[in-house]
Amino acid sequence: MSTPTASAPATGGRPRPTPPVRYRNFIGGKWADTTSGKYAPNLSPADQRVALGDVPLSTPQEVDAAVEAAHKAFPGWRDTPAPVRARILYKWNALLEQHADEIAAILAWEEGKTWSEARGEVMKAANIIEFMAGEGRRIGGSTLPSELPRTFVYTVKQPLGPVAIITPWNFPIAIPCWKMAPALIAGNTIVFKPATLTPWTAQRTIELLEEAGLPPGVVNLIYGSGSAVGDQLVRHKAIRAVSFTGSNEVGTHVYTEGAKRLLKVQCELGGKNPLVVLEDADLELAAVATSQGAFGSTGQRCTATSRAIVIDSVADKFVELLAALAQKVVVGDPLQDGVTMGPSVDPGQFKTVLGYLDVARSEGAKLVTGGKRTGADHGLFVEPTIYDGVKHGMRIAKEEIFGPVLSVIRVRDFDEAVEVANDVDFGLSSSLYTNDVNRMYRFVDLIETGIVHVNSPTVGGEAQAPFGGMKGTGVGTREQGAVAIDFYTELKTVYADYTGTKRTTNIY
Ligand code: NAD
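This note's numbering applies: residue 4 is where the sequence shown begins, and numbers increase by one.
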């Protein structure tokens with residue numbers, strides 16, 4: 004077990020809260036140490052010498068206890084009217100807003116995005132909770148005409164029961180909240196398994212939910228490895244649905260395991276998002292958006308811009324503008340003022356990104372700027388990197404890198420741009436820069452992504468709008484927006500005959 008050795012606030016930097024010595028599971032309304040006695044250190048990506056507490060590696064028995072607690076709490080929560088459930092969500096929202104600076108510092112420190120990006124993420128989580136609390140007064144079905152006399156046909160949305168929520172490290176507060184808020188408002192209970200790389204953000208999020216007055220057992224938090232805790236959760240018979248966000252490899256495994264018992268599963272997975280620049284685009288705006296999308300959050304966003312697909316006639320100018328922006332990015336400790344890009348999250352991700360820089364070299368892509376690690380040896384920093392002359396068959400143009408690496412692919416015309424944009428396994432987000440309204444609508448018709456931006460970066464989304472991808476990016480209904488509630492509810496159809504007589508007409 005490691006001892007927290009958090010450094011004192013650095014000069015010119017943000018305040019750093021004190022990390023817990025170790026994180027604890029939250030089961031049935033009680034915080035408890037794991038009985039396994041096993042922990043993994045939570046190391047800061049900006050300085051791998053700094054340990055931010057120890058993360059429990061929980062046991063299968065603790066998973067069972069968490070599911071049992073969620074199962075026991077379900078009838079009471081299900082029977083609590085949705086507008087009353089909403090009051091707890093409103094309090095949770097208020098507490099998150101109140102603690103936004105503290106949580107942003109925690110998030111930036113353990114995940115590596117900059118403080119302003121982290122604060123934006125906390126506010127995104129708060130917005131989603133506020134929106135979902137409002138849905139508590141709106142969850143409804145429909146009324147339908149009947150073929151029969153004096154018969155009332157209607158639908159109701161009912162909660163499923165205990166659901167599992169399994170989340171990645173790259174949005175450690177927004178993603179758990181965009182899953183938990185609709186699950187809770189719809190009346191489900193939850194077992195939440197966060198990524199082991201970001202336990203502190205998860206713990207503070209749940210502590211505030213407890214403070215908001217959530218009854219014991221309605222949300223249970225369990226830490227541990229994906230293969231032990233995650234698998235046990237997905238296979239548990241009492242779990243009625245799994246909402247998963249993460250890699251394609253693990254998502255495919257979760258979906259396959261779920262299919263074995265016809266479990267309701269929602270997977271939101273990787274991306275390889277294109278930003279298309281047409282010859283009539285405002286190139287300065289397009290370059291700024293590309294830089295924001297490619298290097299924001301160190302490229303560790305599922306919606307990150309990883310391909311700029313540019314019409315050849317404007318590509319030289321576009322690359323020149325973009326390179327100048329990349330060279331202005333300040334890489335360093337995310338809690339230091341003035342830093343605009345943080346580190347890769349852990350040694351594994353760092354190695355993956357450096358590995359893709361080797362791949363780019365071997366594939367013959369032309370390095371424009373960046374292309375190597377930077378900063379002190381104890382940090383996991385990579386320079387913002389741009390490759391030009393990338394052919395769309397190359398691995399760097401097809402595979403998700405999850406780092407600050409952008410491929411510029413030059414194309415002849417609009418048709419080739421769309422063909423290249425669609426020629427990947429993923430389909431999360433895309434962006435088009437143009438001032439031509441006809442080609443804009445044609446792009447919306449043809450592009451194979453769940454989210455389309457026009458003259459805005461591939462990243463970003465609003466709480467009230469559905470979020471999710473097509474093709475290899477995901478299966479299941481969309482998250483966020485009112486539609487998110489569909490995943491966490493069963494639709495029940497009711498036929499109520501008020502004739503008081505036996506039926507004389509057949510219906511089919
Ligand atoms: P990951 O798949 O490694 O882990 C995600 C979660 O799954 C973690 O909590 C992990 O512990 C758990 N897990 C691992 N093995 C498991 C198993 N066998 N059974 C059950 N759970 C298991 O992903 P990551 O590295 O944390 O996140 C990065 C990935 O997430 C990227 O591919 C990114 O594109 C994707 N992502 C997608 C979206 C989206 O909305 N489409 C959003 C954010 C991130």
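Built from N, CA and C at the ideal position, the CB exists for glycine as well.
In chain order, which alpha helix (DSSP H) runs of at least 4 residues are fully inside the segment 324-361?
-> DSSP assignment within the segment 324-361 yields no whole alpha helix (DSSP H) run of 4 residues or more.
Below 8 Å CB to CB, which residues in the same chain sit around Pro86 once its five sequence neighbours on both sides are set aside?
-> Within the sequence shown, the letter at position 83 stands for residue 86. Here the set comprises Gly139, Arg140.
With 16 other CB atoms within 10 Å as the buried threshold, where does Ala262 fall?
-> Position 259 of the sequence shown, counted from the start, is the residue given in the question as residue 262. Exposed is the call here.
Among residues of its own chain, excluding the 5 on either side of Thr158, which ones have a beta-carbon nearer than 6 Å to its beta-carbon?
-> Looking up residue 158 in the sequence shown gives position 155. Correct list, in chain order: Gly144, Ser145, Leu494, Thr496.
State the Cα-Cα distance for the pair Asn96 and Glu465, rounded to the nearest angstrom.
-> As a first step, residue 96 must be located in the sequence shown, where it is residue number 93. As a first step, residue 465 must be located in the sequence shown, where it is residue number 462. Going from the Cα of Asn96 to the Cα of Glu465 covers about 16 Å.
Alpha-carbon to alpha-carbon, Val253 and Asn191 | One-based indexing of the sequence shown puts residue 191 at position 188. One-based indexing of the sequence shown puts residue 253 at position 250. If you draw a straight line from the Cα of Asn191 to the Cα of Val253, it comes to about 24 Å.
Which of helix, strand or coil DSSP assigns to Ala9 | Counting from 1 along the sequence shown, the entry for residue 9 is found at position 6. Confidence is the limiting factor: at Ala9 the pLDDT is only 43, short of 50, which leaves the residue's position unreliable, though a coordinate-based value still follows. If DSSP states are grouped into helix, strand and coil, Ala9 belongs with coil.
Compute every distance between the C-beta of Val257 and the non-hydrogen atoms of the ligand NAD, then say whether any falls below 7 Å.
-> Here residue 257 refers to the residue found at position 254 of the sequence shown. Because some heavy atom of the ligand NAD lies under 7 Å away, the Cβ of Val257 counts as near it: yes.
Beta-bridge partners of Val478, as assigned by DSSP = In the sequence shown, the residue the question calls residue 478 occupies position 475. Cys270, per the DSSP bridge assignment.
Go to Ala167, then tell me how far its beta strand (DSSP E) extends in each direction, as first and last residue.
-> For the purposes of this step, residue 167 is taken as the residue at position 164 of the sequence shown. Counting along the chain, the beta strand (DSSP E) containing Ala167 begins and ends at 165-169.
The segment 403-416 contacting the segment 70-82, beta-carbon criterion three pairs below 8 Å | When Cβ pairs closer than 8 Å are counted between the two stretches, the segment 403-416 is seen not to touch the segment 70-82, the count staying below three.
What are the boundary residues of the alpha helix (DSSP H) that includes Gly463?
-> Looking up residue 463 in the sequence shown gives position 460. No alpha helix (DSSP H) holds Gly463; DSSP gives it neither H nor E.
Do Pro197 and the ligand NAD come close, with the Cβ less than 7 Å from some heavy atom?
-> The count along the sequence shown starts at 1 and reaches residue 197 at position 194. Within 7 Å of the C-beta of Pro197 there is at least one heavy atom belonging to the ligand NAD.
Is Asp489 helix, strand or coil when you go by DSSP?
-> Taking the first residue of the sequence shown as 1, we reach residue 489 at position 486. Helix, per DSSP.
Alpha carbon to alpha carbon, how far is Ser246 from Phe417? Give it in angstroms, no decimals.
-> Against the sequence shown, residue 417 aligns to sequence position 414. Against the sequence shown, residue 246 aligns to sequence position 243. Answer to the nearest angstrom: the Cα atoms are 37 Å apart.
What residue range is occupied by the uninterrupted beta strand (DSSP E) comprising Arg413?
-> One-based indexing of the sequence shown puts residue 413 at position 410. According to the DSSP assignment, Arg413 belongs to the beta strand (DSSP E) that extends over 408-414.
For Tyr42, which of helix, strand or coil comes out of DSSP?
-> Sequence index remark: in the sequence shown, residue 42 carries index 39 (1-based). Strand, per DSSP.
Could you check if Pro277 is buried or exposed, using at least 16 other CB atoms within 10 Å of its CB as the buried criterion?
-> Here residue 277 is taken as the residue at index 274 of the sequence shown, counted from 1. Here Pro277 is buried: its Cβ has 16 or more other Cβ atoms, across all protein chains shown, within 10 Å.
How many angstroms separate the CA atom of Val421 from the CA atom of Leu265?
-> Here residue 421 is taken as the residue at index 418 of the sequence shown, counted from 1. Here residue 265 is taken as the residue at index 262 of the sequence shown, counted from 1. For Val421 and Leu265, the gap between their C-alpha atoms comes out near 36 Å.
Whole alpha helix (DSSP H) elements within the segment 224-263, 4-residue minimum | Residue ranges of uninterrupted alpha helix (DSSP H) with 4 or more members, entirely inside the segment 224-263 and ordered along the chain, are 234-238, 251-263.
Could you tell me if the beta carbon of Gly463 falls within a distance shorter than 7 Å of some heavy atom in the ligand NAD?
-> The sequence position of residue 463 within the sequence shown is 460, counting from 1. No, the Cβ of Gly463 stays beyond 7 Å of every heavy atom of the ligand NAD.
Should Ala499 and Phe155 be called a contact, given that it needs their Cβ atoms to be closer than 8 Å?
-> Translated into the one-based positions of the sequence shown, residue 499 becomes position 496. Translated into the one-based positions of the sequence shown, residue 155 becomes position 152. Cβ distance < 8 Å, so Ala499 and Phe155 count as in contact.
Measure the alpha-carbon distance for Phe429 versus Gly249 and round it to whole angstroms.
-> Working through the sequence shown from its first residue, we reach residue 429 at position 426. Working through the sequence shown from its first residue, we reach residue 249 at position 246. Our two residues, Phe429 and Gly249, have alpha carbons roughly 13 Å apart in a direct line.
Give the straight-line distance between the Cα atoms of Ser5 and His381, rounded to the nearest whole angstrom.
-> Here residue 5 corresponds to residue number 2 of the sequence shown, with the count starting at 1. Here residue 381 corresponds to residue number 378 of the sequence shown, with the count starting at 1. With a pLDDT of 37 at Ser5, under the threshold of 50, the predicted position of this residue should be treated as unreliable, and no value is reported.
Local conformation of Asn191 per DSSP, three classes | Along the sequence shown, read from residue 1 onward, the residue named residue 191 stands at position 188. Correct three-state label for Asn191: coil.
Would you check if the distance between the CB atom of Leu357 and the CB atom of Val334 is smaller than 8 Å?
-> Mapped onto the sequence shown, residue 357 falls at position 354. Mapped onto the sequence shown, residue 334 falls at position 331. Result no, Cβ atoms of Leu357 and Val334 do not sit closer than 8 Å.
How is the alpha helix (DSSP H) around Val291 delimited, first residue to last?
-> Translated into positions along the sequence shown, residue 291 becomes position 288. Here the alpha helix (DSSP H) through Val291 covers 286-298.
The segment 51-62 in contact with the segment 176-193 per 3-pair CB rule at 8 Å | A contact is defined here as three or more CB-CB pairs under 8 Å, and the segment 51-62 fails this definition with respect to the segment 176-193.
Asp515 burial status per 10 Å Cβ neighbour count (16 or more: buried) | Look at the range of the chain in this structure, 4 to 511, and you will see that residue 515 is not part of it.
May I have the straight-line CA-CA distance separating Val462 from Ala184, to the nearest angstrom?
-> Start at 1 with the first residue of the sequence shown, and residue 462 comes out as number 459. Start at 1 with the first residue of the sequence shown, and residue 184 comes out as number 181. If I take the Cα positions, the gap works out to 22 Å.
Pick out whichever of Pro63, Pro219, Ala186 has its Cα sitting closest to the Cα of Ile488.
-> The residue labelled residue 488 in the question sits at position 485 within the sequence shown. Ranking Pro63, Pro219, Ala186 by Cα distance to Ile488 puts Ala186 first.
Would you mind working out which of Gly479, Arg88, Phe174 sits nearest Ala107, comparing C-alpha positions?
-> Taking the first residue of the sequence shown as 1, we reach residue 107 at position 104. The candidate whose alpha carbon is nearest that of Ala107 is Phe174.
C-beta contact flag for Asn251 and Leu272 at 8 Å = Taking the sequence shown and counting its residues from 1, one reaches residue 251 at position 248. Taking the sequence shown and counting its residues from 1, one reaches residue 272 at position 269. Yes.
The ligand NAD heavy atoms versus the CB of Ser228: any closer than 7 Å?
-> Stepping through the sequence shown from its first residue, residue 228 is reached at position 225. Ser228: yes, Cβ under 7 Å from the ligand NAD.
Tell me whether Ser10 is buried or exposed, calling it buried when 16 or more other Cβ atoms sit within 10 Å of its Cβ.
-> For the purposes of this step, residue 10 is taken as the residue at position 7 of the sequence shown. The pLDDT assigned to Ser10 is 46, lower than 50, so where the model puts this residue is not dependable; a value taken from the coordinates is nonetheless given after this. Burial call: exposed.
Cβ shell of Pro152 (< 7 Å), same chain only, five flanking positions each side left out | What you label residue 152 is simply residue 149 of the sequence shown in a count that begins at 1. Around Pro152: Thr502.
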